[in-house]
Amino acid sequence: MSQTTQLICPTLGDLPQTARQILDFAGPRRIWLLNGSLGAGKTTLVQALCRHLGVADAVLSPTFALINEYRGTVGSPVYHFDFYRLRHVNEALDMGAEEYFYSGAYCFIEWPERIVELWPEQCLRIDITVDHADQRLIKLTNL
Numbered sequence: 002m003s004q005t006t007q008l009i010c011p012t013l014g015d016l017p018q019t020a021r022q023i024l025d026f027a028g029p030r031r032i033w034l035l036n037g038s039l040g041a042g043k044t045t046l047v048q049a050l051c052r053h054l055g056v057a058d059a060v061l062s063p064t065f066a067l068i069n070e071y072r073g074t075v076g077s078p079v080y081h082f083d084f085y086r087l088r089h090v091n092e093a094l095d096m097g098a099e100e101y102f103y104s105g106a107y108c109f110i111e112w113p114e115r116i117v118e119l120w121p122e123q124c125l126r127i128d129i130t131v132d133h134a135d136q137r138l139i140k141l142t143n144l
């Protein structure tokens with residue numbers, strides 16, 4: 002049974018507090034599907050999440066590399082995927098995406114709709130929209 006909640010992030014400066022709320026809501030889920038249009042704040046949210054997880058490295062969009070690995074204080078790596086440039090789901094399979102997803106590490110996935118076939122059974126779906134006042138409306142669903 003899925004569980005849903007909604008958050009409002011008034012400004013990008015409020016993302017650290019919002020990230021903490023998302024981490025609390027997610028519980029044991031480590032696979033996070035970040036949905037939103039270009040510029041909605043997916044990578045900026047991942048940066049705030051990584052700070053909470055003790056990542057000291059620069060957190061940048063892995064648009065060209067498809068995956069970035071960060072080290073934090075959580076004891077295992079944090080993986081950040083960007084599948085925007087993916088042409089076929091087989092590219093994700095070839096890079097070993099499923100091994101990352103089932104590693105027990107946090108996996109933050111931008112553009113997850115390109116790999117629906119690979120989504121693990123339990124994950125957190127994050128839908129980000131920007132309203133007319135430039136607030137981020139964030140819908141969280143535990144799948």
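Add 1 to a position in the sequence shown, counting from 1, and you land on the number used in the working numbering. Glycine included, every Cβ here is placed at the ideal spot set by N, Cα and C.
On the DSSP bridge assignment, give the partners of residue i in chain order.
{"i": "Lys140", "result": "Gln7, Asp128"}
{"i": "Asp58", "result": "Asp58 is not bridged to any residue."}
{"i": "Tyr80", "result": "Glu70, Cys108"}
Near residue i, what residues of its chain come up, given a Cβ to Cβ distance below 7 Å and the 5 sequence neighbours on each side ignored?
{"i": "Thr64", "result": "Asp83, Tyr85, Arg86"}
{"i": "Cys10", "result": "Leu16, Thr19, Gln136, Arg137, Ile139"}
{"i": "Glu147", "result": "The first residue shown for the chain is 2 and the last is 144, placing residue 147 beyond what the model contains."}
Got a sec, what are the start and stop residues for the beta strand (DSSP E) residue i sits in?
{"i": "Leu35", "result": "32-36"}
{"i": "Ile68", "result": "68-71"}
{"i": "Asp25", "result": "Where Asp25 is concerned, there is no enclosing beta strand (DSSP E), although the alpha helix (DSSP H) it sits in stretches over 16-27."}
Please check the pair residue i and residue j, which I expect to be a contact at CB under 8 Å, by giving their CB distance rounded to whole angstroms.
{"i": "Leu67", "j": "Leu50", "result": "No, Leu67 and Leu50 are not in contact; Cβ-Cβ is about 19 Å, not under 8 Å."}
{"i": "Pro121", "j": "Tyr103", "result": "7 Å"}
{"i": "Thr6", "j": "Phe26", "result": "6 Å"}
{"i": "Leu8", "j": "Ile110", "result": "Actually they are not in contact, since the Cβ atoms of Leu8 and Ile110 sit about 19 Å apart, beyond 8 Å."}
Which residue marks the beginning of the alpha helix (DSSP H) containing residue i, and which one marks its end?
{"i": "Glu114", "result": "It is not in any alpha helix (DSSP H) - Glu114 carries neither H nor E in the DSSP assignment."}
{"i": "Gln48", "result": "43-53"}
{"i": "Asp135", "result": "Here Asp135 belongs to no alpha helix (DSSP H), and DSSP marks it neither H nor E."}
{"i": "Glu122", "result": "Element bounds for Glu122: n/a, residue is neither H nor E."}
I'd like the list of long-range same chain contacts for residue i, defined as Cβ closer than 6 Å, with 5 residues on each side in sequence excluded.
{"i": "Arg115", "result": "Phe84, Leu87"}
Stretch pair the segment 86-102 + the segment 53-62: three plus CB contacts closer than 8 Å: no
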